[in-house]
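>
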Amino acid sequence: MAKRRRNQPIVSASTLKNTFDRRSMVVGSIQGGIGVLLAARMGYLAIAENEKYRLESESNRVNLTLIPPRRGWILDRNGAPLASNRADFRVDLIPDRLVDADATIDEIGALLSLSPARIADVKQKVAAVSGFQPVEVASGLDYEQFAALSVRLPDMQGVVPQRGFSRFYPTGPSVGHLIGYVGPANAEEYDEEERNPLLITPGYKIGKDGLEKQFEQELRGEPGARRVEVTASGRIIRDLDTREDIQGDPVRLTIDGPLQDYAARRIGLESGSVVVMDCATGDLLCMASMPSFDPNSFSDGIGSVEYAMLREDARIPLRNKVLKGLYPPGSTVKPMHCMAFLKAGIAPDEAITCAGGRRIGNRFFNCWSNHGRVDMAKAIYQSCDSYFYHFAQLIGFDKVAEMAKLTGMGEEFPLPVTSQFYGTVPNADWKRNKFDRDWEPFDTVNASIGQGYYLASPLQLAVSSARLATGRHVMPRLTMDAAPKGFDQVDFPDEHVRYVRQAMSDVVNGPGTAGRGRLPFEDIKMAGKTGTAQVVSLSVSDGRSGPWKYRDHGLFTFFAPFDNPRYAGAVVIEHGGGSGAAYPIARDVMTFMFDPAKGLEKLNALEKQWGGTAQERLDNKYARYAAERGEAVVAAPRRDEDIFDQVEAEARVAAQQSEEIAEDFVAPREEATPRGAPTPTPNQTLSPTAPNAPPSTQAGTP
Amino acid sequence: MSRAGSIVPEPIARQPWAMLIPLLLLVLFGAAVLYSAAGGSMQPFASSHLIRFSIFLVMASIIASLPREFVKFMTYPAYIGVLLLLIAVEVIGQVGGGSQRWIDFGFMVLQPSELMKPVIVLVLARFYASLPVGLITDWRAILIPAALIAVPMAFVLLQPDLGTSLAIAFGGAVVMLLAGLPMQWFIGGGIAAAIAAPLAFFFGLQDYQQRRVMTLFDPESDPLGAGYHIAQSKIAIGSGGIVGKGFNNGSQSHLQYLPEPHTDFVFATMAEEWGLIGGIFVIGIFAIILRWGTRVALTSRDRFSSLVAAGMVATIFFYIAVNLMMVMGMAPVVGIPLPFMSHGGSSMMTNMICIGALMMVNRWNRNAPRGGLEN
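First to last, the protein sequences are chains H and E. Numbering-wise, the first sequence is residues 136 to 837 according to this note's numbering. Numbering-wise, the second sequence is residues 86 to 460 according to this note's numbering.
In structure tokens:
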């Protein structure tokens, strides 16, 4: 109040004018100050932060898109593609940029008429992956579909249709396990490669399994790049420049493409594998494992229906049986064990008497038949068990095991494969380590005929066969750029080799156990050894009928021509009911090798009975399965890696199955066609050795 | 100032060229920027910008020729008229089922809230000019003007248009300050505003307005949402550097990264192509115009004139300051265009009314004897 009173007299027109002038000056100065501040702020943005904002403006303006490099081809030994690229139209989704994922997917699904199962898979995938990972919706579209989609693009954020290349495997399931397949990188792979932007470029795939994964770096190539000027809404104004991609290097395998396909198809309805090697170089010509998956249909992700079908198949189409199938080798080890006996100084003509078995220690062990007087040659071609019980016991199994290891049993080969199982060559130390139990005579008995704890992969059987056939320490190789190895190392003396070759020839061409295995050629003879591996004891199954999974494995190792081996290999048929399931396949594969037309003739006849080629049968099965099960399938595990880890873990468990019956003597079963008792065939007379003039005489001569 | 070049005829020499020439340059420069913002074309922005300026320049000269008594007489009716228009906007909006800010008269679309900016200055100047000197410290001296400001503000806020309502408040407040109200009231008002601001922020502002304010403090928090505008504007200004990217070469504006490159963010569009030099030019011209306006206010003979002139200057200043602070990331995005450069009829009209009013006061100053008191 007092203040007001004091102020009152001062207020007049002139003081108000004064106040106005004074305050105007203040307001004006504040305005000027703000002006200076704005100019300073602008100077700061334009000078001090110019660099930063120039970069940001440039990265706004210019959009760099990677062009996925064309993947290098995978070639067979003759340069024919086992995996190539096909130009096609494809559509990917980028989950981060989708506004309404489900609606967009439904719209695309309707536009491209995708199956409901496929649409469900895509939705699930979009929900599961990290937002930046592209999800393939479809590839191999025709131009009309592609165009229809492109027209609607402005309304569909996050949908990327493009022209690109997709991987193509001409022989499909035949090479599935060997070559593997490709697929989009997952989050872990993206992180592992330091968030390489190439890995999340729509349409870019990396090797997921097999050789595709193993040779990823060689096959990858250099991505191209396209710099474009884009608007804020992503519309491309113009191309600035483009760098072409550089295709990945081809990888040339030692595999013989037609042979691989033939062998895979010849396995037919069985579950098994065929390995063929070149005896002169160690080249792996064929590593077929069937049944298999179609790598072409895996590259856009493994569909739920497809996965369920493959999972439910007792023949385990996802397992590469060449590398990850372990089987008791059975009698196929006998020629190799003979090498151990020869090395230990046992003369080939030293004979024993098989009385339907033999007493070892204080226990009598059965042979599968009663062979009477048996020398080494007869022990091989008639597959007499007693002979091996006796001499293995005599020289001690440790020496036999040493020989087994020398021929490749239990060995891991230096091959460019993602994983291989190396099996078991049992001996006393091994048993003590593993089970803390002593080695018993029955262990020697079991192991001497390739049963008990013995486990080998088809690849090892093939290598073993090649080493026996050549006498050299042949090392397998899978790529043409690896040098052949092992040929300077002589494992066996020539006379031993010749003796065993002759005896193995007699298995097929003489009075042996594989009489129906003769090649349809006058001048080319195949040598081999049959094997029948029991998986359960006699009390459970007779090995030939009953539930599939209790049947015996059928095995056959072979080489041809027997006197100058060019090719060696092994055939293993899981639960084939005996070696009779295996050696006809080896016969046809070798027939194809020497005369493709003749081989194909046989195959075509067989495939007519089976209902088409492997590819056709797989496709039909899928169609049937999808129609039957359709919606009600369990979703595939999120990552392909999980699927294959699971398969591998199961393979390890499966390999141990035969250990259960190794607890005691495994009573041997009859060989496939044992009564090989020289069937009177034209071949018989041409055979260089008469059945009762055993080859021992040859080998015995100094 | 432009005192008689003897060759030039008197009516032309009389015009305030010291302001008009810079203004003309600025408008032409604005047209050039709009030409570029349209992707190198006179259509649709630059030509209409120039046409509007010409029309409103005529309007400004008409305003400039109005006699003081007429203006004083018309002030209150004009205020009531504009207020009725504001109410009409609200009513039409309610009936039409959606809020809107303009009335379509057929021949033109009018935004009454724009008219309120110069009118509030006029009405307050009129009020204080007629207020007996001794009453300036009386409560009535603030209560009535406060009501005069609050009523239109409330209607504009209802639209809702925060930027314009703040402009009205700012123009009114400056006139009150210059009218000589006791300083304590402003300090008290300032404190009250400081307390009310957070409350208004949380309860008064729309959700989108709150977000705009928040992103001011952390623009990177939402680079594709509300912060996007500010970030892109700063990129445009910063990437221009000292000399800019060159006429018609602005990528930010041409590739549509810059929002509203022809209206609210026209300064960013300009700065990208003309750089700091262009920016200094624009700020410099604004300084010249405002300085001229301030001088007009200071040389005024009477209270009404000086308050009108100062209020008009404040109104133009508010546009400039808020817009420039916004495009440089110092104020939230409030949707206030840059005078004489942004494309848009309403803001051009408002600012030309202010210019016209300043020219009018300038004319009164010249005609009336200095120091004459008139109340």
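All residues carry an ideal CB built from backbone N, CA and C; glycine is no exception.
In the DSSP assignment, what are the bridge partners of P296(H)?
DSSP, once it has assigned bridges, lists V226(H) as partnering P296(H).
> Give me the Cα-Cα distance between G360(E) and I374(E), rounded to the nearest whole angstrom.
Straight-line Cα distance between these residues: approximately 22 Å.
> Below 8 Å CB to CB, which residues in the same chain sit around L108(E) once its five sequence neighbours on both sides are set aside?
Excluding positions up to five away in sequence, the list reads I370, I374, F425, I440.
> For P96(E), count neighbouring C-beta atoms within 10 Å of its own C-beta (all shown protein chains included) and say buried if the count is 16 or more, exposed if not.
Flag for P96(E) reads exposed.
> How is the alpha helix (DSSP H) around N568(H) delimited, first residue to last?
563–570 is the span of the alpha helix (DSSP H), which, as asked, contains N568(H).
> Residues of chain H with CB closer than 7 Å to the CB of K319(E), please, in chain order.
Result: L180, Y188.
> So, is M193(E) buried or exposed, given that buried needs 16 or more other C-beta atoms within 10 angstroms?
Classification for M193(E): exposed.
> What does the alpha-carbon distance come out to for the pair F627(H) and H688(H)?
Straight-line Cα distance between these residues: approximately 29 Å.
> Using DSSP with H/G/I as helix, E/B as strand and the rest coil, what is N447(E)?
If DSSP states are grouped into helix, strand and coil, N447(E) belongs with the helices.
> Is there a Cβ of chain H sitting closer than 8 Å to that of Y342(E), yes or no?
Closer than 8 Å: yes.
> Would you call the region 146–163 of chain E and the region 399–412 of chain E touching, i.e. three or more CB-CB distances under 8 Å?
No, they do not touch.
> Counting beta carbon pairs with one atom in the region 294–311 of chain H and one in the region 244–255 of chain H, are three or more of them shorter than 8 Å?
No, they do not touch.
> Among F288(E), S336(E), F240(E), whose alpha-carbon lies nearest the alpha-carbon of G124(E)?
Nearest C-alpha to G124(E): S336(E).
> Under 8 Å, Cβ to Cβ, is there at least one residue of chain E near E785(H)?
No, E785(H) does not count as interfacial toward chain E.
> Is it a yes or a no for the region 316–323 of chain E touching the region 376–385 of chain E, going by three-plus beta-carbon pairs under 8 Å?
Verdict: no, contact absent.
> Short of 7 Å in beta carbon distance, which residues of its chain neighbour V270(H), apart from the five on each side in sequence? Order them along the chain.
Within the same chain, V270(H) has close Cβ partners D227, L228, P230, V257, K260, V261, V264.
> With three or more beta-carbon pairs closer than 8 Å as the criterion, would you say the region 644–651 of chain H touches the region 521–536 of chain H?
No, the region 644–651 of chain H does not touch the region 521–536 of chain H.
> Is there a Cβ of chain E sitting closer than 8 Å to that of A283(H), yes or no?
For A283(H), the answer is no, since every Cβ of chain E falls outside 8 Å of its Cβ.
> Which of the three DSSP states is assigned to R296(E) in this structure?
Of the three classes helix, strand and coil, the one that applies to R296(E) here is helix, per DSSP.
> Would I335(H) pass as a contact of F267(H) if the rule is Cβ separation under 8 Å?
Cβ distance < 8 Å, so I335(H) and F267(H) count as in contact.
> Are Q196(E) and L247(E) closer than 8 Å when you measure CB to CB?
No, the Cβ-Cβ distance between Q196(E) and L247(E) is not below 8 Å.
> Counting only beta-carbon separations shorter than 8 Å, does G293(H) have a partner in chain E?
No, G293(H) lies away from the interface with chain E (no Cβ there is under 8 Å from its Cβ).
> Looking at chain H, is there any beta carbon in it that lies within less than 8 Å of the beta carbon of M104(E)?
No, M104(E) lies away from the interface with chain H (no Cβ there is under 8 Å from its Cβ).
> Please check if any C-beta of chain E sits within less than 8 Å of the C-beta of F155(H).
Chain E contact via Cβ: present.
> Alpha carbon to alpha carbon, how far is E193(H) from M160(H)?
Computed Cα separation, rounded: 45 Å.
> Along the chain, where does the beta strand (DSSP E) that runs through D658(H) open and close?
Neither: D658(H) is in no beta strand (DSSP E) and is coded neither H nor E.
> If the criterion is Cβ atoms closer than 8 Å, does the pair P101(E) and M433(E) meet it?
Not a contact, by the Cβ cut-off of 8 Å.
> Determine, using beta carbons only, whether T366(H) comes closer than 8 Å to chain E.
Taking Cβ atoms only, chain E reaches closer than 8 Å to T366(H), which makes this a yes.
> For D349(E), count the other beta carbons within 10 Å of its own beta carbon; 16 or more makes it buried, fewer makes it exposed. Which is it?
So D349(E) counts as buried.
> Taking the alpha helix (DSSP H) that T249(E) falls in, what are its first and last residues?
Taken as a continuous stretch (DSSP letters only), the alpha helix (DSSP H) holding T249(E) covers 247–263.
> Give the residues of chain H in contact with L361(E), contact being defined as C-beta atoms less than 8 Å apart.
Neighbours of L361(E) on chain H, chain order: M177, G178, A181, I182.
> Would you identify the three-state DSSP class for Y120(E), choosing helix, strand or coil?
Y120(E) falls in the helix class under three-state DSSP.
> So which of A486(H), S147(H), G275(H), R330(H) has the shortest CA-CA distance to L216(E)?
It is S147(H) whose Cα lies nearest to the Cα of L216(E).
> Using the Cβ count rule (16 or more neighbours within 10 Å means buried), how would you classify M268(E)?
Flag for M268(E) reads exposed.
> At a Cβ threshold of 8 Å, is I365(E) touching chain H?
With 8 Å as the cut-off, I365(E) counts as an interface residue toward chain H.
> M538(H): which of N497(H), L603(H), V386(H), Y397(H) sits nearest, CA to CA?
Looking at the Cα atoms, L603(H) is the closest of the given residues.
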